[in-house]
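These notes are about the structure you will find just below.
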Amino acid sequence: MLIKIQEIIGEYCSQRIDSPQKKGGQAIREMVLENWDKGDIEVSFEGVKLVTPSFLDEAFGKLVLEHNLKEMINKLKFTHIGEETKEKINRSVELRIKQKRDNFNPLDS
Amino acid sequence: MELKLSGRFGLGLNADTKQVMNCIKEMLSVEHGEEICLNFSELEFIYPSGVNILSAVGKYLMAVRESKISHIYPKDKEVSNFLSECGFCEFVGVKSYLNGKAPQHNGTYIYKIRRFDFPDDYEIEQLINIIEKELKLSSNVCNHIHESLAELILNVQQHSGSKTGCFVLGQGYQKTHRVRVCISDLGIGIKNHLARKFNDLIQLDSTFAIKRALVRGVTGTLGRENSGVGLSEFREFINFVGGEFIIISGNGFYEEIITYSGAKSKVVKNIERLDFKFPGTFIDATINSKPGSKIFFKSEPIPEDYKLIR
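Chains as they are written, first to last, in the working numbering: chain A, 1 to 109; chain B, 1001 to 1310.
Here's what the structure looks like:
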C-alpha cells in the first residue's frame, strides 16, 4: 500500500490531531494501523514542504505503542524523505520506546 | 492611566527589557473599564517583541477588563512607520500613522501581527514567504525555521487553553541575517499546564516550570498523548544556529543567548522571577539565518536499536 502524505494532509503537515479544518498525524497513524495486516506500507513524503515533530510523533512515533520496532522496520518503507525528517522520526521513536519500556522520566536523564 | 514609553522599547539584547516589564506590570494593574493611554511621543525605537507584548496585553485588558486603548503619536517617523506597518494600529483599533503612504522597508521585512486560531496553511505560507523569498535563505535553514515556528504555534493552540488563539509577529533583517518572531497567547501559562502532571510545580514560581518545559520529553498532557518536544525542539534549533530566545509565562522570565565563535558556542542564561504575572505565555525568538548555514543535530546520537529508519 502507498500512503502519499501530501495527498492526504497537504504540503504543510503541522497538526498532531485531526481537526474539522485539517487532518493531522493522527490520520496517517490510523491509516497505517488499518492497513497493517495487508502487506508492506510505503509512506511517501513527495511534495511535502513542512512537517513538524508533533505531526511525525503522532503519525509514526506512537506506532511503537502498538507494534514493536522490528515489526515497524519490516512493515514501513519511507520514500522521498529528507535526512532531517528521518532524524525527527527516529528521535520520536526513540523517546516512545523509552516511555514504553522503562516508564521513562525525561527529568532523570 | 498614561504610560510613557521611551528609548528602545522591546526585549533582549540592546533593548530596554526592564521598561517593558514595568510597562506590562502597570498595564495589568489597570482598574476595570479604565482607559490606558500609550504615549509613544518620546519613543526612539520599538522592537517586534515590544509591539507583540503590548498588543497581547492590550487585547487581554480590552476583553477581560473592558479597557480602552488610546495612544499619543510618536515623533519618530520610523517608529510610527513600524507601528503602522506591523499592524499594531489596526490590531488595537487606532488610526494608522501611514495615512495611505507607502511604508519604508529599511532592509527589513515584516510579517504583520495576526491572530492564529488554528494551524492555517495560508497563514503559514505567508510567514514562509517572508522568511524564504524575501530573505533568500538556504532551504536548510528555512525548513528548520518553518518547522520550529509551526510546532510552537501548534503547541500554543494545543496546550494553552487560550480562547483568543495566539498572536504572531515577525520581522526579517536582510542585512544582518536574522529572523525575529514573537508568539504570545493569553492562556493558562506553562506552569499551570505542567502542574497537571508535576504537582511539585504548584508551590514553585514559573521559572521552574519554564526550565522543565525545555527538557525534551516533558509534557503536561496526561497519559501518552503528547511527547513534549515543542519547546525543547525549538531551544535545540536556536542552539544549532545561534540566536536568542525569551520566554515569559506567569511570573517567570527566561532568556537564553547563544553566540558562536567558529564551531564553539557560548550560552548566556538570565532567569528571573517577576513581581507580576503575565496572563499567558510570550515567546520572543531571534534566529540567526545566515545563507548557506548548515544545521546539524548535535544532540546525543540515536542508538541503532532505536532507529526506525537507518
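Don't be surprised by glycine CBs; every beta carbon is placed ideally from N, CA and C.
Since we're looking at a predicted model, the values are computed, not measured.
In this structure A/Asp57 is buried. Its beta-carbon is surrounded by 16 or more other beta-carbon atoms within 10 angstroms. The C-alpha of B/Ser1232 is placed about 28 Å away from the C-alpha of A/Val32. For A/Pro20, no alpha helix (DSSP H) encloses it, and the DSSP letter there is neither H nor E. Within chain A, Tyr12, Ser14, Leu50 and Thr52 have C-beta atoms less than 8 Å from the C-beta of B/Ala1150, given in sequence order. Each residue's CA atom was taken as its position, placing A/Glu7 and B/Glu1304 some 31 Å apart.
Interface flag for A/Leu33 against chain B is unset, since no Cβ pair is found closer than 8 Å.
Not a single C-beta of chain B is nearer than 8 Å to the C-beta of A/Leu2. If you draw a straight line from the Cα of B/His1177 to the Cα of A/Lys23, it is about 34 Å long. Where A/Lys4 is concerned, the enclosing beta strand (DSSP E) starts and stops at Leu2 to Lys4. Here B/Ile1258 is buried, its C-beta having at least 16 other C-beta atoms within 10 Å.
Burial is judged here by how many other beta carbons sit within 10 angstroms of a residue's own beta carbon; A/Leu65 has fewer than 16 and is exposed.
Rounded to whole angstroms, the separation of the alpha carbons of B/Leu1186 and A/Ala59 is 29 Å. Taken residue by residue, none of the segment 1160 to 1183 of chain B has a beta-carbon sitting less than 8 Å from a beta-carbon on chain A. Taking 8 Å as the cut-off, the Cβ atoms of B/Glu1044 and B/Gly1012 do not count as close.
Taking CB atoms only, B/Gln1019 has no neighbour in chain A less than 8 Å away. Within the segment 58 to 69 of chain A, contact with chain B at the beta-carbon level (separation under 8 Å) is assigned to Phe60, Gly61, Lys62, Leu65 and Leu69. Proximity of the segment 1150 to 1166 of chain B to the segment 1032 to 1044 of chain B falls short of the contact definition, fewer than three beta-carbon pairs being nearer than 8 Å.
When Cβ-Cβ separations below 8 Å define contact, A/Ile89 makes contact with chain B.
Proximity of chain A to B/Ile1190 at the Cβ level (cut-off 7 Å) is not reached, the minimal Cβ distance being about 15 Å. With respect to chain B, the C-beta atom of A/Glu84 has a partner C-beta closer than 8 Å. For A/Thr79, same chain residues with a beta-carbon under 8 Å away, outside a window of 5 residues either side, are Glu42, Val43, Ser44, Phe45 and Glu46 in chain order. By the beta-carbon neighbour count (other beta carbons within 10 angstroms, threshold 16), B/Pro1301 is exposed. Cβ atoms of B/Ile1069 and B/Asn1039 stay farther apart than 8 Å, at about 12 Å. For A/Val64, no alpha helix (DSSP H) encloses it, and the DSSP letter there is neither H nor E.
Straight across, the Cα-Cα distance linking B/Lys1197 with B/Leu1204 is about 14 Å.
Note: A/Arg101 is not bridge-paired with any residue in the DSSP secondary-structure output.
Counting only runs of at least 3 residues, the segment 1195 to 1272 of chain B fully encloses the following beta strand (DSSP E) elements, listed from N- to C-terminal order: 1243 to 1261.
Less than 8 Å separates the beta-carbon of B/Phe1245 from that of B/Ile1283. The alpha-carbon separation between B/Lys1277 and B/Ala1150 amounts to approximately 26 Å.
Under the three-state reduction of DSSP, B/His1144 is assigned to helix. If you ignore the 5 residues before and after A/Phe55, its C-beta comes within less than 7 Å of the C-beta of Cys13, Ser14, Gln15, Arg16, Gly24 and Gly25, all in its own chain and listed in chain order. CA-to-CA, the gap between B/Glu1002 and B/Phe1082 works out to about 21 Å. C-alpha of B/Asn1288 to C-alpha of B/Gly1217: approximately 26 Å in a straight line.
Around the beta-carbon of A/Leu2, fewer than 16 other beta-carbon atoms lie within 10 Å, marking it exposed. The beta-carbon of A/Glu94 is placed less than 8 Å from the nearest beta-carbon of chain B. With contacts defined as CB atoms closer than 8 Å, B/Ser1055 and B/Phe1009 fail to qualify as a contacting pair.
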